[in-house]
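So the sequence shown is numbered by this note's numbering: it starts at 1245 and just counts up by one.
Working notes, structure below.
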Amino acid sequence: MERTMDLGFKSEIRNPKSKIQNKPRRAESGFSLIELIVVLVIVGIAMAITAPFIFWTLERVQIRAAVKEIASSLRYGRSMAISQKKEVRFYIDLDEQQFWIITAKEDRDLKGIEESGLLEEEGIQEDTEKALVPKKTVELKKHSISQLVRLDIFTGGGEEIDFGTVKIAFTPFGNCTGGLIHIITAQETKRPLFFEIEVDPVTGRVKTKEMEEEQ
């Protein structure tokens, strides 16, 4: 005689597919296209707001650096002329945005250096051993000026020059041909940065100042 025992458990057979179907859908990983577009729009707005300020700051840094370098070179040229008791010439190329100092063992050699073509773009060399007038030049090194600034020069005679190469010559007595060098931001803005370097023809002293507006 068979006995059946009821242990009180009810077996329930479930469809495995129903568990999968009833399971909550997991959120998709990554960003949607709309989210990416929103982020790009926000970044674009932020860049549009900050870019002018960043560019203005860069211009200010570059123009101040140019003023400092040119003024230092002029002062060095005057000091060299006095200490070595010979003429020293400062040249600035307004087209190529470059400047340099040139001198010679003898003052009469300066004329020969100019006539030899050393002041032409292909003739200027930092290595004086290879220069067209070897061992006569004491210093012949070009310094470049940022393209973010532009230069205008007023000579000692009051003539305005905005192209070509301009010379300021210092004598052993400290005086020079003199002139004004205007350094201005190249980009046209409502508040352009404008600096002036004054080279006194009588004393040869160099003064720098920031101007309120372009004159």
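Beta carbons are placed, not taken as given, at the ideal position from N, Cα and C, and that holds for glycine.
Whole-angstrom C-beta distance between residue j and residue i, which should lie under 8 Å
i	j	result
Val1393	Ile1307	5 Å
Met1398	Leu1437	In the sequence on display, residue 1398 carries Phe and not Met. So it is not a contact: roughly 19 Å between Cβ atoms.
Ile1412	Thr1421	5 Å
Ala1325	Pro1416	6 Å
C-alpha gap between residue i and residue j, whole angstroms
i	j	result
Gln1328	Gln1391	34 Å
Leu1395	Glu1403	14 Å
Thr1347	Lys1453	28 Å
Leu1376	Lys1385	Its pLDDT being 42, under 50, Leu1376 is placed unreliably in this model, and the value from its coordinates should be taken loosely. So the two alpha carbons sit approximately 14 Å from each other.
Glu1279	Leu1302	33 Å
Own chain partners of residue i with C-beta closer than 8 Å, once the 5 adjacent residues on each side are dropped
i	result
Asp1371	Legend: pLDDT at Asp1371 = 41, less than 50; position of this residue unreliable, value from coordinates given subsequently. For Asp1371, where only same-chain residues beyond five positions count, there are no Cβ hits under 8 Å.
Selected residue, minimal CA-CA separation from residue i, among the options
i	options	result
Ala1309	Gly1408, Asp1337 and Thr1429	Thr1429
Val1305	Gly1448, Phe1439 and Ile1412	Phe1439
Ile1389	Arg1449, Tyr1320 and Asp1339	Asp1339
Gly1408	His1387, Gln1342 and Arg1449	Gln1342
Ile1405	Ile1336, Met1455 and Thr1447	Ile1336
Phe1418	Gly1400, Gly1448 and Gly1288	Rather than Phe, the amino acid found at residue 1418 in this sequence is Gly. Gly1418 has its Cα closest to that of Gly1448, out of Gly1400, Gly1448 and Gly1288.
Beta bridge counterpart(s) of residue i as assigned by DSSP
i	result
Glu1331	DSSP, once it has assigned bridges, lists no residue as partnering Glu1331.
Ile1428	Arg1394 and Phe1438
Met1455	Phe1438
Val1450	Val1443
Sequence-distant residues of its chain with Cβ nearer than 6 Å to residue i (five each side left out)
i	result
Glu1442	Leu1424 and Lys1451
Gly1321	Val1332, Phe1334, Ile1345 and Phe1414
Phe1253	With a pLDDT of 47 at Phe1253, under the threshold of 50, the modelled position of this residue cannot be trusted, and the question is left open.
Arg1319	Val1450
heavy atom of the ligand COA below 8 Å from residue i C-beta
i	result
Ser1390	For the structure depicted, the ligand COA is absent and the ligand set is empty, with no information on it obtainable.
Sequence-distant residues of its chain with Cβ nearer than 7 Å to residue i (five each side left out)
i	result
Val1311	Ile1427, Phe1439, Ile1441 and Thr1452
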